[in-house]
Amino acid sequence: MPVATPPAGHDHPVYVRALERLTAVRAPGFARHLLARWRAWVLFADHHALDPREPADADLVAFAHARALVGVGYGTIAGTLGVVDLVLGDERLTRAARRHLADLHGEGLFGPGVQAPVLTLGEVLALVAAAPDALTRLLVVLTYRAALRPREWTGIRWPEHVGVTADGVRLVIAGDKTGPGRVIDLGTSRSPELSVERALAAALAERGRDPGPLAGDEHGPLHYAQVDRRLRLAAAAAGVPAFTSYSLRRSWAVHANLTGTSARVIRVRLGHRPGTATYRRYIEPLLALQVAQGVDPKTIWLATSRPAAPPVPLEAVGNPAIDRTQRYAFAAGTLDELLADIDLPGLRVHPALANLARSTIDAGHAVRRRWAAWAQQQVIDPFAPDAWALSEWVDARLTEVSPVTAAADLARLRLAWIDATGAARIPGYDTAADVAAGALRLHVEQQAPGKKSRLADATDRQLVCAAALAAVPGPSMRWAVRALALATRARRSVEVLEVTDDAATVRVDGRRTVPVTPGAAGVLCPVAAAEVAAGAGELLVPRGVNEHAVLAAAAPHTAALRDALAVMLLAGSGARPSDLARARAAAVNVQPGGVAVVLAASKGRKPGIVPRPRVVWAPDRDGACDPVAAWEAWSTWWAPGNGPLLPRDIQSCGGLRGLDAAAVSRTVRRAADAAGLLDLNAYGFRYGRATEMHVAGYDLETIAEALGHARLGTARGYVFDFDPDADGWSGRVAGWIGAALDAAQARGVLEQEESA
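Following full-length UniProt numbering, the residues of the sequence shown are numbered contiguously, the last one being 756.
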């Protein structure tokens, strides 16, 4: 890996003239900053005996390739090519290099796993030993053994995704970056330090065996930044500064390759798609470089000796990549060797395609094939259409797909046309673009700014709330038996003898009489259970009654109460579903006339301003919409404490996870469907709330504050008569298409008159 030294100082003409060109188009200080990027190209050119001021496009392709192979980032290389454009004043020279850089990016060369520093086996063992707690130790061991991406930790739950088998541990990744997920079987390790079974047992002993996120704390599952920080803490304690959260994943791939693991097993473990060579980027360039230098990679990467360095500060841990002493490094080899496997003619593309991902161009060709099939049906030459053919195709697409998709297809078709013909314009493209833009504008006007819904008026609100209440079943006998058995420790049977307001008497197992008093929450309260079971006689107790069984038996009633509360709060306040999804139960405050939910900050908070608490206010209304009663029913039954306002884990009391925004939206959708309002969702309540306040005389500032909007224009968009039937969609599109075609025809007449 050569590290070039400058042929001369910055007083050399090649730098002086470059600075003059840069100063002409950029501020002087910034121009001097850009000179460092120009220097990278000058040093490469000097190493290969090239004139940096008169390069061929192949020379710049070789430069980009050589820099990428030694780990220089995509942005740094692209920035250098941009400076070369400014200095030489000819963007055509860097076009092929930009195309090659985009292809390398699509192949995963610049991915975090490929760029991560590789650890020796001894360094991995040192990280395990230095982990400060059992959870961090499990993060290190499982991330390495399963080759996990750090973000995949957020979806792993115990015990549904982790199972201990006779042969080791089975891990299920429900969904990953490149596919629907994967199953990983981890056998017993020869090294006790890397035993997943031991690390898992220690973490569960510290965490508890309750169902929930495998990696979590009292606030919920660890997110990516927390996983990354814990892994870097272990690296800092082990004295391994060259480390990123992807280092363990890449290190496993390198170690597995050196120990003879098949390429297929490595690809599947990494979760890469079949047919892609991304996994090779984790392994081959590094090992090939060492073999070329006469070094046996096994002696380096499989060495078990621990690092002798002392612990380092956390801020010192990271990817050293190319430091300042090696910032001008590039891969070894002649220009011919660097360009040996590169298709130069295929890189000489139209400027519009130079920076696009190959997948984007491929998507354009898929649209081009669709256009060609339609054109052949209409007896039109797809490569020589008339001025109106493309507009008619867009009109036909609007009857099949959304205006957004139709506009995107038109843009993709242009890319494919350029790639196939080299021509930048398609006959009739401007007219078709006017049609697509008009349809898209109407779509935005009709749907903005919320989701697809109509305005919900007072009648709709009452119907939806009534449907939500009607869906709440009473507590079941199945639950009552289990709750009584748990409270009285009955083994065979229970029979309720007497029930008062605050106590009950129960005969247990047909022999002894036990008095019971209210429990902490209605879901576990034996007196509430006795009220349900009163008069039913002797009831048999099933085996294995525990708290989880009681919560599971109560789940239908619990979930319905929770969903009814969500519907009441959304219908009454016009809040976003995401507002309730992140709300905590401790932030609920019942006041005269309604319920207030205090949020830490609104979604629409203005940038640069310290977020201030926002209050979601759901007033009491006549009829079924009574958020106060819904809250009292829910809090009496569940006693949520400081957990989420709308918990997701209703079968584990005190669950750490709440419903997400999509799940909260579905509660309204179910109630609206039950009420026969199929075109209504949660955003309809926001429209209704905004419109009611506007009719009542509130100004836009007050409406924006109530809805949590940072901009008055957003709030203004919620205040309108939302009636999709007043002006039919097809009629409006047809009118716009006609107007666009008339305008195009008028332009053609004017052009003919001017030419005459």
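Backbone N, C-alpha and C fix where the C-beta goes; we use that ideal spot for every residue, glycine too.
Asked, Found
"Pairwise C-alpha distance: His557 and Thr513", "29 Å"
"Own chain, CB closer than 6 Å to His48, minus 5 neighbours either side, in chain order", "Leu335"
"Trp729 - DSSP class collapsed to helix/strand/coil", "Low confidence applies to Trp729: its pLDDT is 39, below 50, so where it sits in the model is not reliable, and the reading given next is rough at best. Helix, per DSSP."
"Where Arg454 falls: helix, strand or coil (DSSP)", "coil"
"Rounded separation between Val268 and Gly181 - CA only", "10 Å"
"Among Trp158, Asp217, Ala585, the one whose alpha carbon lies nearest that of Leu200", "Trp158"
"Counterpart residues of Arg182 in DSSP-defined beta bridges", "Ile173"
"Nearest neighbour of Arg562, chosen from Leu410, Gly519, Asp501, Val472 [CA to CA]", "Val472"
"Residue ranges of each alpha helix (DSSP H) within the stretch 229-316, 4 or longer", "247-258, 263-270, 278-292, 297-301"
"Buried/exposed call for Arg137, threshold 16 Cβ in 10 Å", "buried"
"Environment of Gly537 [buried if 16+ CB atoms lie within 10 Å]", "exposed"
"Where the alpha helix (DSSP H) through Glu531 begins and ends", "526-533"
"Ile426 to Leu398 span [Cα, whole Å]", "20 Å"
"Asp133 beta carbon less than 8 Å from that of Leu93", "no"
"For Ala66, the three-state DSSP class (helix, strand or coil)", "helix"
"Three-state secondary structure (DSSP) of Ala329", "strand"
"Spatially closest choice to Leu148 from Val227, Ala166, Thr76, Arg190, by CA coordinates", "Val227"
"Contact check, Ala521 vs Ala639, beta carbons under 8 Å", "yes"
"Rounded C-alpha distance that separates Arg306 from Glu337", "38 Å"
"For Gly163: DSSP bridge partner residues", "Arg170"
"Segment contact, 8 Å Cβ cut-off, at least three pairs: the stretch 703-719 with the stretch 582-598", "no"
"Cut-off 7 Å between Cβ atoms - residues of its own chain near Trp374, not counting five sequence neighbours on either side", "Trp393, Ala396"
"Inter-residue spacing [alpha-carbon to alpha-carbon] between Val481 and Asp660", "32 Å"
"Nearest-angstrom Cα separation, counted from Gly641 out to Val532", "25 Å"
"Pick from Arg461, His105, Leu214 that is closest to Glu160, judged by C-alpha positions", "Leu214"
"Contact under 8 Å by Cβ, Tyr282 with Leu43", "no"
"Cβ-based burial, Arg498 [other Cβ within 10 Å; buried from 16]", "Looking at the sequence shown, residue 498 is not Arg but Glu. Exposed: under 16 other Cβ atoms inside 10 Å."
"Alpha carbon of Val550 to alpha carbon of Trp479, nearest angstrom", "6 Å"
"Sequence-distant residues of the same chain with beta carbon closer than 8 Å to Leu194, five excluded per side", "Val124, Leu125, Val128, Val141, Tyr144, Arg145"
"Beta-carbon gap between Val668 and Leu570 smaller than 8 Å", "yes"
"Close Cβ partners of Gly728 (< 6 Å) along its chain, the five nearest in sequence each way excluded", "In this prediction, Gly728 has a pLDDT of 39, which is less than 50 and means its spatial position is unreliable; nothing more can be read from the coordinates."
"Identity of the residues DSSP links to Asp217 by a beta bridge", "Gly220"
"Thr558 - DSSP class collapsed to helix/strand/coil", "helix"
"Per DSSP, cross-strand counterpart(s) of Pro619", "Gly594"
"contact_flag[the stretch 71-86, the stretch 15-32] where n(CB pairs < 8 Å) is 3 or more", "yes"
"Buried or exposed by the 16-neighbour rule on C-beta atoms within 10 Å, applied to Val295", "exposed"
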